[in-house]
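These notes concern the structure reproduced below.
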Amino acid sequence: MRIFDPHIHMTSRTTDDYEAMFAHGVRALVEPAFWLGQPRTSVASFTDYFDGLIGWERFRAAQFGIRHHCTIALNPKEANDPRCVDVLDVLPRYLAKDGVVAVGEIGYDSMTPEEDEVFARQLRLAIAHELPALVHTPHRDKLSGTKRTLDVVRESGIGNERVLVDHLNEPTVAVVKEAGCWMGFSIYPDTKMDEHRMVTILKEYGLERMIVNSAADWGRSDPLKTYKTGKAMLAAGFSESDVDKVLWQNPVEFYGQSDRLLLDELPGFVANTDTFLGNSVLRGGGNQ
Amino acid sequence: MSYHLGYGTNGFANHRLDDALELIADLGYTSVALTLDHDHLDPYADDLAARVDKVAATLSRLGLRSVVETGARYLLDPRRKHYPTLVCDEPERRIDFLNRALRIAADLGADCVSFWSGIRPSTVDPLTAWRRMRDGVTEVLAEAERLSVPLGLEPEPGMFVERLSDALRLREELGAPELLGITLDVGHCVAVEPQDAATCIRQAADLLVNIQLDDMRTGVHEHLEFSEGELNLPATLAALTEVGYTGVAAVELPRHSHAAPVVAARAIAALRAAAVHPTFPTTDFPGVTVDHPWLVTAEQQVRTDPTAIRTLFPAVGRKVGRDPLRPDDDPKGLVHGTVDDAARTTLLGVLADVLDPALLAGEVAQLYRYGDDAERRGVLRSLTTLPASAVPAGLDIIKDALRANDIRLVAAAMGEFTARHLDDHSWRHGVLKCLFVGVPLAAVADLDRRTDDELRRMVSDYAAERRAAGREVPADATTLLEGANS
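Chains as they are written, first to last, in the working numbering: chain D, 169 to 456; chain F, 1253 to 1738.
Encoded structure:
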């Protein structure tokens, strides 16, 4: 099983997680820029964080055989904070970077006028930088927020095929599928989605434009949820190639629209994911 | 590590060898091409061993690296120039001489022994001459292998092995022996090669064991001072850097002995002007600059509008690639850098040309501040190309990089700029950091010159700490400490 985790916040994770992810087949990931868990108080706090996403965290991931990419944006929650909004002026510098494969996470948190403006402006940035967009859907008032999200996407002029609408669930999947956007699902231990509900959704809606992520961060979450979803798919009768489509080909196709994905093997790491599945002892190379 | 500029003692034929070596070192050369001759370490002298010891001590005292040259005119036969040769009817004395030269080179600690084929006598047909070359070289190689001293076969205009392609073919036929390398005279390239010297250098690349520097005109085998002939000296030196050549590159002006001190002074001035940063391997990559159309366009854009560099700089890797320049011995590009490092250096060079120095420091600082790891490396490796007014800004950048734990940044931060400008304390900590995080010390420019007792103490303590913990001491640490005892 080869896995591309299209949404995971590695800055909040340990090296044990990296080792476990590699051992279970994760070879590439995307780390979206997001909230820190507590409010930022200045633009400098963002830029230091962005520097980590395009620099240190990429380097750290590479030590464990995993290709790291990121998305850059002002997140919806902090779009409401006047101390943070000026970060929009430095985004163009970051959107030009090698490891940046989308504008994100953008979208709605509380659906305020400020969020409207920042969301639309960042979709314009995505168009200008020829990048896809990763759109977060709100935790509260989710269906209404998702519909409003799709309206803003439509008005922006960005192609629907260049938009991934994330954190979907049973009530919100249909409208996104209908709109022609990519559908993202965050598989969590006890909130958002779980792997068995995910399998049910895949059976009902098919595999096209379906994206599964762990969205693991500093909260209670599990960086192996992508792998566990793959296992659940197999147990439910999906084939290996179905699993590969959802866990690798789909995210690669979506983020590949940036033309910036790097997916070749890192030097010193063996190619066959099955050889050392679950066995980190066989992991080769690196600087350890 | 870069190549070592030197001077050939055959250009000091009217000086005692000791005097010649002193003069060469005084002028700033760091190597010498030593032609064994009747008056310069005569290999047939009765007290040869003592003489070799004395010369070895002098080379060591003066800090001169060396190669041994065997092109003396009348050393073996007082009547016939260069005779006997490997392709004549009685090559035995030549073979014996080359074997002696190998032993002397071993005792001197020289890089290699250079030799040529000799002129094919009109009475010897080419097939016989070729067979004699093969036999003779095979015989000498046996001694070279016993002593572990490389041989450098030098294509020589007018001789049987005349061009680089001849020498490479002979080497192939002999099974590409590891110890049979190439000596390349860049002037000869102008005179007889179908391609320029830089191209020859790239073609021979890893086989080069010795370089001779001089100017020449097309078709004329006459060793000239630089700029008197047609050689493109900057491009030639840049090619040496590009292929990662680290050996001796010595001026070869055997017919200028009558004015040797003056000629040698002029030569090193010309070399320094042509290679602004001869010890920094990553400031000039002509292969990249001329070969990639995107970069050519990018340079023009920066010339027209310097702020264009803000969007071009991050895109470099996507456009020109990211491979290490010397993948075989530097797979991560930590020591010699990467293709995108080289291209970014080119762009910053253009920026430095067109931007007011006062604005330049600020722009470079911003490129670093907002750069990802690759862009930051590009800035770090470019700092030597910037004017003196940018040094304070450069030092701030270096100190930032040395606080990082990304080994690519740490490696790029220990280059020539740092060797020249960083204070002792910070520099020592930089070296120690390299040992800690696994950056090869080959990435540290001017390591030998800047290593002092305090660094040795620090490294010695570090080694003790490793041993106390039952851990391996990095080989680079051991080497650095052993250097202190020799």
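Glycine included, C-beta positions come from ideal geometry on N, C-alpha and C.
Sheet register partners of residue i (DSSP bridge)
{"i": "Asn1462(F)", "result": "Thr1435(F)"}
{"i": "Met378(D)", "result": "Met351(D)"}
{"i": "Ser1318(F)", "result": "Val1284(F)"}
{"i": "Asp1289(F)", "result": "His1292(F)"}
{"i": "Met463(D)", "result": "This structure cannot settle anything about residue 463(D), because the visible part of chain D is limited to 169 through 456."}
{"i": "Tyr1259(F)", "result": "Val1284(F) and Val1503(F)"}
{"i": "Phe172(D)", "result": "Ala196(D)"}
{"i": "Arg388(D)", "result": "According to DSSP, Arg388(D) bridges with nothing at all."}
{"i": "Thr1590(F)", "result": "Pro1576(F)"}
{"i": "Arg1469(F)", "result": "Val1472(F)"}
{"i": "Ser1366(F)", "result": "Glu1321(F) and Gly1404(F)"}
{"i": "Val268(D)", "result": "Cys238(D)"}
Residue range of the alpha helix (DSSP H) that includes residue i
{"i": "Cys1686(F)", "result": "Asp1676 to Val1689"}
{"i": "Pro281(D)", "result": "Pro281 to Ala296"}
{"i": "Leu1403(F)", "result": "Taken as a continuous stretch (DSSP letters only), Leu1403(F) belongs to no alpha helix (DSSP H), being part of the beta strand (DSSP E) at Leu1403 to Leu1405."}
{"i": "Ala185(D)", "result": "Looking at the sequence provided, one finds Asp at residue 185(D) rather than Ala. Looking at the DSSP string, the run of the alpha helix (DSSP H) that includes Asp185(D) is Thr183 to Ala191."}
{"i": "Cys1452(F)", "result": "Ala1449 to Ala1456"}
{"i": "Asp1700(F)", "result": "Leu1699 to Arg1702"}
{"i": "Asn418(D)", "result": "Asn418 to Tyr423"}
{"i": "Phe218(D)", "result": "Val211 to Ile222"}
{"i": "His1510(F)", "result": "Per DSSP, His1510(F) belongs to no alpha helix (DSSP H) and is neither H nor E."}
Chain-ordered chain F contacts of residue i [CB-CB under 7 angstroms]
{"i": "Gly233(D)", "result": "Ordered by position in chain F, no residue passes the 7 angstroms Cβ test against Gly233(D), which lies about 14 angstroms from the chain."}
Endpoints, the beta strand (DSSP E) within which residue i is located
{"i": "Val253(D)", "result": "Where Val253(D) is concerned, there is no enclosing beta strand (DSSP E), given that its DSSP letter is neither H nor E."}
{"i": "Glu1474(F)", "result": "Val1472 to Leu1476"}
{"i": "Val303(D)", "result": "Ala301 to His304"}
Three-state class that DSSP yields for residue i in the structure shown
{"i": "Arg235(D)", "result": "strand"}
{"i": "Ile457(D)", "result": "For chain D, the structure presents residues 169 to 456; residue 457(D) sits outside this window and is missing."}
{"i": "Met1411(F)", "result": "coil"}
{"i": "Met401(D)", "result": "helix"}
{"i": "Asp1648(F)", "result": "helix"}
{"i": "Ile240(D)", "result": "strand"}
{"i": "Thr1541(F)", "result": "Since pLDDT at Thr1541(F) reaches only 43, below the 50 mark, its modelled position is unreliable, and the value read off the structure follows with that caveat. Thr1541(F) falls in the helix class under three-state DSSP."}
{"i": "Asp1536(F)", "result": "Below a pLDDT of 50, predicted positions are generally treated as unreliable, and Asp1536(F), at 39, falls in that range; the measurement from the model is reported next regardless. Asp1536(F) falls in the coil class under three-state DSSP."}
{"i": "Leu1212(F)", "result": "With chain F represented from 1253 up to 1738, any question about residue 1212(F) goes unanswered, as that position is not in the structure."}
{"i": "Gly1361(F)", "result": "coil"}
{"i": "Leu1379(F)", "result": "helix"}
{"i": "Glu1734(F)", "result": "helix"}
{"i": "Val1568(F)", "result": "helix"}
{"i": "Leu332(D)", "result": "strand"}
{"i": "Val1495(F)", "result": "coil"}
{"i": "Gly436(D)", "result": "coil"}
{"i": "Cys1340(F)", "result": "coil"}
{"i": "Asp1351(F)", "result": "In the sequence under discussion, the amino acid at residue 1351(F) is Asn, which differs from the Asp named in the question. Reduced to three states, the DSSP call for Asn1351(F) is helix."}
{"i": "Thr1531(F)", "result": "With a pLDDT of only 31 at Thr1531(F), under 50, the local geometry of the prediction cannot be trusted, and the value read off the model is given with reservation. Thr1531(F) falls in the coil class under three-state DSSP."}
{"i": "Pro464(D)", "result": "There is no way to answer for residue 464(D), as the model of chain D reaches only from 169 to 456."}
{"i": "Ser1374(F)", "result": "coil"}
{"i": "Trp203(D)", "result": "coil"}
Partners in chain D for residue i, counting only beta-carbon separations shorter than 8 angstroms
{"i": "Asp1658(F)", "result": "Gly223, Trp224 and Phe227"}
{"i": "Asp1466(F)", "result": "The contacting residues do not exist; Asp1466(F) stays about 41 angstroms from chain D at best."}
{"i": "Pro1583(F)", "result": "Pro435"}
Cross-chain neighbours of residue i in chain D, by beta carbon under 7 angstroms
{"i": "Arg1570(F)", "result": "Asp266 and Arg428"}
{"i": "Ala1567(F)", "result": "Ala264"}
{"i": "Tyr1622(F)", "result": "Arg261"}
{"i": "Gln1626(F)", "result": "Strictly speaking, residue 1626(F) in this sequence is Ala, with Gln absent from that position. Those are Asp266, listed as they occur along chain D."}
{"i": "Arg1718(F)", "result": "Near Arg1718(F) there are no residues of chain D at all, since even the closest Cβ is about 16 angstroms away, more than 7 angstroms."}
Beta-carbon neighbours of residue i, restricted to chain D and to distances below 9 angstroms
{"i": "Thr1730(F)", "result": "Result: empty, since nearest Cβ-Cβ is about 19 angstroms, beyond 9 angstroms."}
{"i": "Arg1629(F)", "result": "None at all; the shortest Cβ gap to chain D is about 11 angstroms."}
Inspect the CB distances between the segment 1307-1318 of chain F and the segment 1282-1297 of chain F and report whether three or more fall short of 8 angstroms. yes
Inter-stretch contact (C-beta, 8 angstroms, three-pair minimum) for the segment 206-224 of chain D and the segment 416-436 of chain D: no
How do the segment 1375-1386 of chain F and the segment 1352-1364 of chain F stand: do at least 3 beta-carbon pairs fall below 8 angstroms, yes or no? no
Is the segment 228-241 of chain D touching the segment 1625-1641 of chain F in the sense that three or more CB pairs, one from each, lie closer than 8 angstroms? no
Check whether the segment 1505-1519 of chain F touches the segment 1255-1266 of chain F, taking contact to mean three or more Cβ pairs, one atom from each stretch, closer than 8 angstroms. yes
With a cut-off of 8 angstroms, do at least 3 Cβ pairs link the segment 1487-1496 of chain F to the segment 1443-1456 of chain F? yes
Do the segment 246-258 of chain D and the segment 1680-1698 of chain F make contact, defined as three or more Cβ pairs closer than 8 angstroms? no
Stretch pair the segment 1413-1432 of chain F + the segment 1386-1402 of chain F: three plus CB contacts closer than 8 angstroms: yes
Check whether the segment 1541-1556 of chain F and the segment 1465-1484 of chain F are in contact - that is, three or more C-beta pairs closer than 8 angstroms. no
Contact between the segment 1295-1305 of chain F and the segment 1331-1341 of chain F (3+ Cβ pairs under 8 angstroms): no
Measuring CB atoms only, is the segment 1610-1617 of chain F touching the segment 1571-1590 of chain F, in the sense that at least three cross pairs come out at less than 8 angstroms? no
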